[in-house]
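Residue numbers (our numbering): 5 to 377.
Take a look at the structure:
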């Protein structure tokens, strides 16, 4: 059994590292819910509940799926916990689209839940994370439940919030969980203290967010859901203002929102939103697919270059992460644009589950205080 020592206000605490103590981690996606058990050393068990699209289509809003997903998550946890002598000491869910927040670990409150449930700031699968964690805390007789670095989290500098139109502020909806966790790993690889490192980091998946991470904080990021940055496999990114005006006057708001956040990008141009399918079209001689793909790479590279310049060209590295980072072909094409700017790192996939677990344990073990919404 390992022993951890740490200091808070000059007092020494001694925590017995019981490997049977676990936190439950819940991460809802559009058609699946990831469930995992972590102890202080890392992953103990995980499982993915898959949801058929025809089942999800029954619900008007994503958060209306709460009861449906809750029963599946309970069933999975009962199975995961039945064989081993594991004790659940905490539960953490991915934070959704809520009001702009500073990064950190938050105690899930009634106000947080209300904003997530109603979709006040956006209707997204991640909104279910806090709702499920809160309900399951009752199931395990825990006093609190937590979320870490919600989608809206970031320590955005004031000058980056100015839009050009008074009364309209630039949004900060990205992938802070994966970004900050990946930055920690790359800083360790470089031998740089995370709190002293600076990176341009691009999370490339169904949504694309590109951010500056400085001193352990996200200081600027595009709105990965709607309105800023490059287009993604199915989202519009930044588009000309006049085109937006024409669109808004020609369609109902809900239709415009669905178009820009779900039915744009590669999907709208080519009918596919998987890069592997795009490459197949290109290899079959589809010239339109080649042009749209070239624009896709170009816009991502341009955004990375803009953030590097905004950091006065002093970033310790450019980090590419997310699902698209698995594509060697894409990475090779992107490197032609940005490889000479600074050190270039590729860390495919996402570290969201690990980041959620670590954030929860930092509060449970008294290393930091939970933030309040």
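Where is the CB? At the ideal position from N, CA and C, for every residue including glycine.
Point to revise | C-alpha distance - residue 39 paired with residue 206, whole-angstrom precision | key: 25 Å
Exercise for review: On the DSSP bridge assignment, give the partners of residue 215 in chain order.
Suggested key: 205 and 225
**Study point:** Residue environment, residue 63, which counts as buried when at least 16 other CB atoms sit within 10 Å
**Key:** exposed
Practice item. Report the rounded CA-to-CA distance for residue 124 versus residue 174, giving the unit in angstroms. Key: 17 Å
Check your understanding: Which one of 352, 295 and 176 has the shortest CA to CA distance from residue 270?
Key -> 295
Point to revise | Span separating the alpha-carbon of residue 157 from that of residue 289 | key: 43 Å
Point to revise | alpha helix (DSSP H) segment containing residue 189, residue limits | key: 180 to 194
Review point. Taking the beta strand (DSSP E) that residue 157 falls in, what are its first and last residues?
Key: Looking at the DSSP string, residue 157 is not in any beta strand (DSSP E), and its letter there is neither H nor E.
Point to revise | Cβ-Cβ distance between residue 320 and residue 201 below 8 Å | key: yes
Review point. When DSSP labels each residue in this structure, what does residue 92 get in the three-state scheme?
Key: strand
Point to revise | Segment limits, beta strand (DSSP E) that includes residue 330 | key: Unbroken run through residue 330: none, as it is neither H nor E.
Check your understanding: Under 8 Å, do residue 224 and residue 164 count as touching if we go by C-beta distance?
Key -> yes
Review point. If you check the beta carbons only, do residue 363 and residue 150 fall under 8 Å apart?
Key: yes
Review point. Is the Cβ-Cβ distance between residue 238 and residue 277 less than 8 Å?
Key: yes
Practice item. Just tell me which of 181, 338 and 312 has its CA closest to the CA of residue 298. Key: 338
Check your understanding: Going straight from the alpha carbon of residue 48 to that of residue 255, what length do you get?
Key -> 49 Å
**Study point:** Span of the alpha helix (DSSP H), counted from its first residue to its last, around residue 292
**Key:** 291 to 314
Check your understanding: Do residue 26 and residue 90 have their C-beta atoms within less than 8 Å of each other?
Key -> yes
Check your understanding: So which of 292, 88 and 107 has the shortest CA-CA distance to residue 374?
Key -> 107
Point to revise | Segment limits, beta strand (DSSP E) that includes residue 286 | key: Note, residue 286: premise wrong, no beta strand (DSSP E); alpha helix (DSSP H) at 279 to 287.
Review point. Where residue 221 and residue 184 are concerned, what is the direct C-alpha to C-alpha distance, given to the nearest angstrom?
Key: 8 Å
**Study point:** In DSSP terms, what residue 27 is bridged to
**Key:** 42 and 94
Review point. Taking Cβ positions, are residue 305 and residue 342 nearer each other than 8 Å?
Key: yes
Practice item. Give the secondary structure of residue 249 by DSSP, where H, G and I count as helix, E and B as strand, and everything else as coil. Key: helix
Review point. According to DSSP, is residue 375 helix, strand or coil?
Key: strand
Review point. Are the CB atoms of residue 69 and residue 81 nearer to each other than 8 Å?
Key: no
Review point. Starting from residue 273 and walking both ways along the alpha helix (DSSP H), at which residues does that stretch end?
Key: 269 to 274
Practice item. Using the Cα positions of residue 77 and residue 104, report the straight-line distance between them to the nearest angstrom. Key: 28 Å
Practice item. Below 7 Å CB to CB, which residues in the same chain sit around residue 333 once its five sequence neighbours on both sides are set aside? Key: 283
Check your understanding: Under a three-way DSSP split, which group does residue 177 fall into?
Key -> coil
Check your understanding: For the alpha helix (DSSP H) that residue 346 lies in, which residues bound it at each end?
Key -> Run containing residue 346: none; DSSP gives neither H nor E here.
Review point. Can you pull the DSSP bridge partners for residue 79?
Key: The partner list for residue 79 (beta bridge, DSSP) is empty, contrary to what the question assumes.
Practice item. For residue 356, count neighbouring C-beta atoms within 10 Å of its own C-beta (all shown protein chains included) and say buried if the count is 16 or more, exposed if not. Key: buried
Review point. Does DSSP classify residue 68 as helix, strand or coil?
Key: helix
Point to revise | Reduced DSSP category for residue 264 - H, G, I as helix; E, B as strand; rest coil | key: helix
Check your understanding: Which first and last residues belong to the alpha helix (DSSP H) in which residue 121 is found?
Key -> 114 to 122
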